[in-house]
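Student: Chains as they are written, first to last, in the numbering used here: chain Z, 149 to 301; chain R, 149 to 301. Note that the Cβ used here is the ideal one computed from N, Cα and C, for glycine as well.
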């Protein structure tokens with residue numbers, strides 16, 4: 149009876165890693181702050197790819213204040229690898245690179261379009277009626293030379 | 149003398165993984181196609197984080213034709229983790245997300261600028277002299293209603 153009681157107390161204070169390995173969790177356990185008892189899945193996930201020993205080594209090699217971020221990033225990578233066993237989060241990087249290329253290409257097109265519109269918008273002397281209609285339309289008084297200089301950026 | 153000769157022959161045909169573990173490389177070695185003898189660093193790099201056993205398990209669980217890509221992506225992740233032990237390639241993902249946000253914000257600004265220019269460019273009846281000057285300036289005959297419809301995209 150006493151034995152069960154002791155075991156019960158031990159399990160409630162063990163971190164997820166020590167619980168997984170069915171061992172006592174020492175007060176200075178390197179895993180305890182990052183693998184809490186109530187989320188065993190987090191450790192199972194990173195352990196599947198990196199192994200507890202490698203994770204422990206990585207944590208030991210970095211300052212304490214960076215370890216939580218390191219475990220978060222390892223967990224993210226492990227989740228990506230579960231979702232996409234072939235490419236993992238490198239698949240996400242590839243997809244993001246593609247998105248950046250698309251956005252940059254759209255931006256280049258838009259900038260070329262602006263240059264064209266700008267050139268034709270300001271490339272001739274406005275007639276008085278044209279200036280007036282712009283002021284009427286937009287509610288601000290600007291010439292045709294630099295219509296965006298003050299409000300747009 | 150014979151013994152050295154045999155060992156020499158064995159080492160030359162072993163893959164980088166079997167060479168690392170100083171073992172015979174079987175003809176059906178799961179690592180051999182992806183960890184060639186002449187690039188031991190590639191295996192050392194992934195082994196440091198994942199461990200040979202985990203890499204072997206991952207490879208076994210996927211079709212042969214995807215294994216080369218999987219090893220490449222693991223190698224990429226491992227190199228990222230060496231460069232940035234805390235964030236690994238998750239740091240790259242964060243940076244790419246930021247770049248996409250910047251590009252999208254620039255694109256939104258550019259599109260708003262285009263909308264403004266377009267609205268003021270086509271929002272009134274052009275005088276004959278304005279139309280003529282545009283055709284003269286740009287060398288193509290287009291009305292003011294949709295100046296980009298045919299050549300720009």
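#1: Could you tell me how far apart the beta carbons of residue 179 of chain Z and residue 163 of chain Z are, in whole angstroms, since I believe they sit closer than 8 Å?
#2: Please state whether the Cβ-Cβ distance between residue 201 of chain R and residue 235 of chain Z is less than 8 Å.
#3: Alpha carbon to alpha carbon, how far is residue 298 of chain Z from residue 247 of chain Z?
#4: By Cβ distance, which residues of its chain are closer than 7 Å to residue 208 of chain Z, with the 5 residues on each side in sequence left out?
#5: Is there at least one Cβ from chain R nearer than 8 Å to residue 258 of chain Z's Cβ?
#6: Would you please state the rounded distance, in angstroms, between the beta carbons of residue 198 of chain R and residue 198 of chain Z? I believe it to be under 8 Å.
#7: Comparing alpha-carbon positions, which option in Z:233, Z:239 and Z:206 lies nearest residue 211 of chain R?
#8: Mind pulling the chain R residues with CB within less than 9 Å of residue 262 of chain Z?
#9: Can you name the residues of chain Z whose CB is closer than 7 Å to the CB of residue 214 of chain R?
#10: Can you tell me which of the three DSSP states residue 220 of chain Z falls into?
#11: My output table needs one value for residue 199 of chain R: the three-state DSSP class, helix, strand or coil.
#12: Counting only beta-carbon separations shorter than 8 Å, does residue 198 of chain R have a partner in chain Z?
#13: One question on the structure: do residue 251 of chain Z and residue 258 of chain R come within less than 8 Å of each other, judged by their Cβ atoms?
#14: If you measure from the beta carbon of residue 192 of chain R to each beta carbon in chain Z, is any gap under 8 Å?
#15: Would you say residue 209 of chain R faces chain Z, with C-beta separation under 8 Å as the test?
#16: Going along the region 240-257 of chain Z in order, which residues come within less than 8 Å of chain R, judged by CB to CB distance?
#17: Contact defined as beta carbons within less than 8 Å: I believe residue 241 of chain Z pairs with residue 230 of chain R. What is the distance between those atoms, to the nearest angstrom?
#18: Which residues, taken in chain order from the region 216-233 of chain R, show a beta carbon closer than 7 Å to some beta carbon of chain Z?
#19: Could you tell me the boundaries of the alpha helix (DSSP H) in which residue 165 of chain Z lies?
#20: Excluding sequence positions up to five away, which residues of its chain have a Cβ less than 7 Å from the Cβ of residue 182 of chain R?
Tutor: Short version:
#1: Taking the first residue of the first chain as 1, we reach residue 179 of chain Z at position 31. Taking the first residue of the first chain as 1, we reach residue 163 of chain Z at position 15. So it is a contact: roughly 5 Å between Cβ atoms.
#2: Taking the second chain and counting its residues from 1, the one referred to as residue 201 of chain R is at position 53. Taking the first chain and counting its residues from 1, the one referred to as residue 235 of chain Z is at position 87. No, they are not a contact pair.
#3: For this step, residue 298 of chain Z is matched to residue 150 along the first chain. For this step, residue 247 of chain Z is matched to residue 99 along the first chain. Its pLDDT being 28, under 50, residue 298 of chain Z is placed unreliably by the model, and nothing is read from it.
#4: Counted from its first residue, the first chain places residue 208 of chain Z at position 60. So the list reads 178, once near-sequence residues are dropped.
#5: Your numbering for residue 258 of chain Z matches position 110 in the first chain. For residue 258 of chain Z, the answer is yes, since a Cβ of chain R falls inside 8 Å of its Cβ.
#6: In the second chain, counting from the first residue as 1, residue 198 of chain R sits at position 50. In the first chain, counting from the first residue as 1, residue 198 of chain Z sits at position 50. The Cβ separation is near 6 Å, so the contact holds.
#7: Position 63 of the second chain, counted from the first residue, corresponds to residue 211 of chain R. Residue Z:233 is the option with its Cα nearest to residue 211 of chain R.
#8: For the purposes of this step, residue 262 of chain Z is identified with residue 114 of the first chain, where counting begins at 1. The contacting residues are 258, 261, 262 and 265.
#9: On the second chain, residue 214 of chain R is found 66 positions in, with the first residue counted as 1. Here the neighbours are 234.
#10: Indexing the first chain from 1 puts residue 220 of chain Z at position 72. DSSP places residue 220 of chain Z in helix when its eight states are reduced to three.
#11: What you label residue 199 of chain R is simply residue 51 of the second chain in a count that begins at 1. For residue 199 of chain R, the secondary structure class from DSSP, reduced to helix, strand or coil, is coil.
#12: Here residue 198 of chain R refers to the residue found at position 50 of the second chain. For residue 198 of chain R, the nearest CB of chain Z lies under 8 Å from its own CB, placing it at the interface with that chain.
#13: Indexing the first chain from 1 puts residue 251 of chain Z at position 103. Indexing the second chain from 1 puts residue 258 of chain R at position 110. Not in contact: residue 251 of chain Z and residue 258 of chain R (Cβ atoms no closer than 8 Å).
#14: To locate residue 192 of chain R, count along the second chain from 1; it is residue 44. No, residue 192 of chain R does not count as interfacial toward chain Z.
#15: Position 61 of the second chain, counting from 1, holds the residue named residue 209 of chain R. Judged by the 8 Å Cβ criterion, residue 209 of chain R is in contact with chain Z.
#16: If the cut-off is 8 Å between Cβ atoms, the region 240-257 of chain Z has 240, 241, 244, 245, 247, 248, 251, 252, 254, 255 and 257 near chain R.
#17: Here residue 241 of chain Z refers to the residue found at position 93 when the first chain is read from its first residue. Here residue 230 of chain R refers to the residue found at position 82 when the second chain is read from its first residue. Not confirmed; about 16 Å, so no contact.
#18: 217, 218, 221, 224, 225 and 233
#19: Residue 165 of chain Z sits at position 17 when you count from the first residue of the first chain. Here the alpha helix (DSSP H) through residue 165 of chain Z covers 164-168.
#20: For the purposes of this step, residue 182 of chain R is taken as residue 34 along the second chain, with counting starting at 1. Counting only Cβ-Cβ distances below 7 Å, and skipping sequence neighbours, we find 215, 216 and 219.
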